[in-house]
Amino acid sequence: MGTSVFYFVAALSILFSLMVIFSKNPIHSILYLILTFFTFTVHYVLLNAQFLAVVNFIVYMGAIMVLFLFVLMLLNLNKENEPNKSALLKIVGVIAGCCLIVTLIGSLKSVSLNDPLVLRNPNLGLVKNLGKELFGPFMLPFELSSILLLSAMVGAVLLTKKEGNI
Amino acid sequence: MDLTFVIEKFALVTILFAISLVIAMYSTYAERKVAAFLQDRLGPDRAGIFGLLQPLADGVKMFMKEEIVPTNANKWLFMIGPGLAMLCACIGTAVIPWGQDIVIGGRTIALQVTDINVGVLYLFGVVSLGVYGVMIGGWASNNKYSLLSAIRAASQNISYEIAMGLSIIALLLVTNTMSLKEIVAQQHGWHWNVFYQPLGFIIFLICAFAETNRAPFDLPECETELIGGYHTEYSSMKLGFYLFAEYINMFVSSAVMATLYFGGYNYPGMDWVAIHIGGNLAPIIGTLVLFVKIFAFIFFFMWVRWTIPRFRYDQLMGLGWRGLIPFAIANIIITGLVIAIKNF
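Right under this line is the structure:
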């Protein structure tokens, strides 16, 4: 049963992420992106990573996507006032996209299909075990990434301030 | 997964859904009666004795109104908006423990739909999704006032979610678990979390007012500035759904506060009752006690609405960011220090 649920949800994820790209209206794109993240939440639950599932739910679906929607509604993008993108920008976009594809294919080549990853501890995704891992062996990277996020936040606030007002 | 399990959970979900709807229905009546009481009026008294049939009359009125979809509105999203608001309001009841286990025909039945071990975070997620109904509805109406209101709702919810999350962190430091069943079980008798986390509770309470868009934080439906707010263009039962979702949200957040801070189904002297009455009656008394707490909170919501005037938008943001968040962080630090000293 688990496998069929996985295939169903995976098909939905692919469908919704394609809809993100092919929607004409940016608001619809965001709404499809929200649905995509919801299917990711289901994937995490299937992997028994409950904490990750619920955090994905809160942070991505509940906070970041609300901000995306918020900004897009304020900008009110439509055909008439869409800025003309120069040819250079389009070429740069294509090159960047191709680089990403090459990287993804390169990393996927080393993984063979008949080689499923088996966790030593299948309950690793539960809050208790995850917390012990994060604050034990992965203490330094965890704290460093939190400092990185904090500095990005401080930087964003600083950029919004006018000069001489700091 | 046997069939009785499925039937049992399905029955529980149906009962919870029905209870939420009935309580939301009679909350509209209670709101008008409380308003009347506070303003020295009589309130609705025409339909039935004491006006008890007023919610039914209102419901029939809502259904009979003409359905209007504005010409330039985004039709599908316009319809999804109220449905989403209602959905997000209803799914919160799934993780709340409504009472102790009862035994029917040798089968132990837990009065909780599901006890996931991230229950508190699940509730938080449901709260953060709640804003989508308002945002999508407000945007799809293709009306400037609705859009302004949707944006207000989004920024208000995001701002107050932070303080709410921080107050929950302090609570989790005390309880050491995220399962709501265990949190309630820990508060047996008089050990209610509100005595250990008074500041956290006040912050949570204020945030609950803001998250349910209730006065004094009902900026998204501030009629002096925004006509009707995000539901300006809505009519008939779609409007009814938005109004209804607000009352269900109020019921669910009352239940959450009663569960997290006021001991849920626990009450002083429950051991004595369990020994002397026993059987299934003791858990049922516990459930009734929980509902009494919930009704007390709902009354408090209404009392505040008719007492405190609406905040200005900058006052709202100032309170959220400069008032509640620093207090919530201080609360976490103090709680952590006390626990560290106790375990030293």
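Protein chains in written order, with this note's numbering: chain A, 40 to 205; chain B, -10 to 333.
The beta carbon of each residue, even a glycine, is placed where N, CA and C say it ideally should be.
Here the structure is a predicted model, which is why all the values come from computation and not from measurement.
Check, Outcome
"Less than 8 Å between the C-beta atoms of SER52/A and THR80/A, yes or no?", "no"
"Name, in chain order, the residues that DSSP records as bridge partners for THR97/B.", "VAL92/B"
"Can you name, in chain order, every residue of its own chain whose Cβ lies under 6 Å from the Cβ of LEU188/A, other than the five neighbours on each side?", "none"
"What residues in the region 140 to 163 of chain B bring their beta carbon closer than 8 Å to a beta carbon of chain A?", "ILE140, ALA143, SER144, ASN146, ILE147, GLU150"
"Please check the pair GLU171/B and THR201/B, which I expect to be a contact at CB under 8 Å, by giving their CB distance rounded to whole angstroms.", "GLU171/B to THR201/B, Cβ: 26 Å. No contact."
"With 16 other CB atoms within 10 Å as the buried threshold, where does GLY275/B fall?", "buried"
"Drop a sphere of 10 angstroms on the beta-carbon of ILE4/B, count the other beta-carbons inside from all chains shown, and report buried for 16 or more, exposed for fewer.", "exposed"
"Ignoring anything shorter than 4 residues or poking outside the region 62 to 128 of chain A, list the alpha helix (DSSP H) runs there in chain order.", "65 to 85, 89 to 94, 104 to 114"
"So, with DSSP's three-state summary, where would you put GLY119/B?", "coil"
"What residue does the alpha helix (DSSP H) around ARG294/B start on, and which one ends it?", "270 to 294"
"What are the start and end residues of the alpha helix (DSSP H) that includes GLY178/A?", "With the sequence shown as reference, residue 178/A is identified as Met, and Gly is not the correct amino acid for it. Taken as a continuous stretch (DSSP letters only), the alpha helix (DSSP H) holding MET178/A covers 178 to 199."
"Counting pairs of beta carbons, one from the region 113 to 130 of chain B and one from the region 26 to 36 of chain B, are three or more of them closer than 8 Å?", "no"
"So PHE96/A contacts chain B; which residues on that side make the cut at Cβ distance below 7 Å?", "GLY114"
"With distances taken from CA atoms, which of ALA271/B, VAL278/B, TRP261/B is nearest THR248/B?", "VAL278/B"
"Does DSSP put ASN61/B in a helix, a strand or coil?", "coil"
"Using only the alpha-carbon positions, how far apart do ASN131/B and MET75/B sit?", "21 Å"
"Quick one, are the C-beta atoms of MET226/B and MET51/B less than 8 Å apart?", "yes"
"Would you identify the three-state DSSP class for SER224/B, choosing helix, strand or coil?", "coil"
"Taking one C-beta from the region 216 to 223 of chain B and one from the region 285 to 300 of chain B each time, how about it: are there three or more such pairs within less than 8 Å?", "no"
"Could you tell me whether the region 106 to 116 of chain A touches the region 67 to 74 of chain A, where touching means 3 or more Cβ pairs closer than 8 Å?", "yes"
"Going by beta-carbon coordinates alone, are VAL23/B and TRP310/B separated by less than 8 Å?", "no"
"By DSSP, does ASN106/B sit in helix, in strand, or in coil?", "coil"
"Does DSSP classify ASP29/B as helix, strand or coil?", "coil"
"Which residues, taken in chain order from the region 119 to 132 of chain B, show a beta carbon closer than 8 Å to some beta carbon of chain A?", "VAL120, TYR121, MET124, ILE125, TRP128"
"For LEU45/B, which option in ARG299/B, ALA62/B, TYR15/B has the closest C-alpha, if you only look at C-alpha atoms?", "TYR15/B"
"Do the region 167 to 187 of chain B and the region 72 to 91 of chain B make contact, defined as three or more Cβ pairs closer than 8 Å?", "yes"
"Please list the terminal residues of the continuous alpha helix (DSSP H) segment that includes TRP261/B.", "259 to 265"
"Could you have a look at MET167/B and say whether DSSP puts it in helix, strand or coil?", "coil"
"Helix, strand or coil: how does DSSP classify ASN131/B here?", "coil"
"Could you confirm whether any beta carbon from chain A is found closer than 8 Å to the beta carbon of SER16/B?", "no"
"Within 8 Å (strictly less), CB to CB, does GLY170/A reach chain B?", "no"
"Quick check on ILE105/B - is its C-beta less than 8 Å from some C-beta in chain A?", "yes"
"I'd like to check one pair, ASN146/B with VAL163/B: are the Cβ atoms closer than 8 Å?", "no"
"Can you say whether SER135/B is buried or exposed, counting buried as having 16 or more other CB atoms within 10 angstroms of its CB?", "buried"
"When the Cα of GLY122/B is compared with those of SER9/B, TYR231/B, LEU(-8)/B, which residue comes out closest?", "TYR231/B"
"Does DSSP put ALA204/B in a helix, in a strand, or in coil?", "coil"
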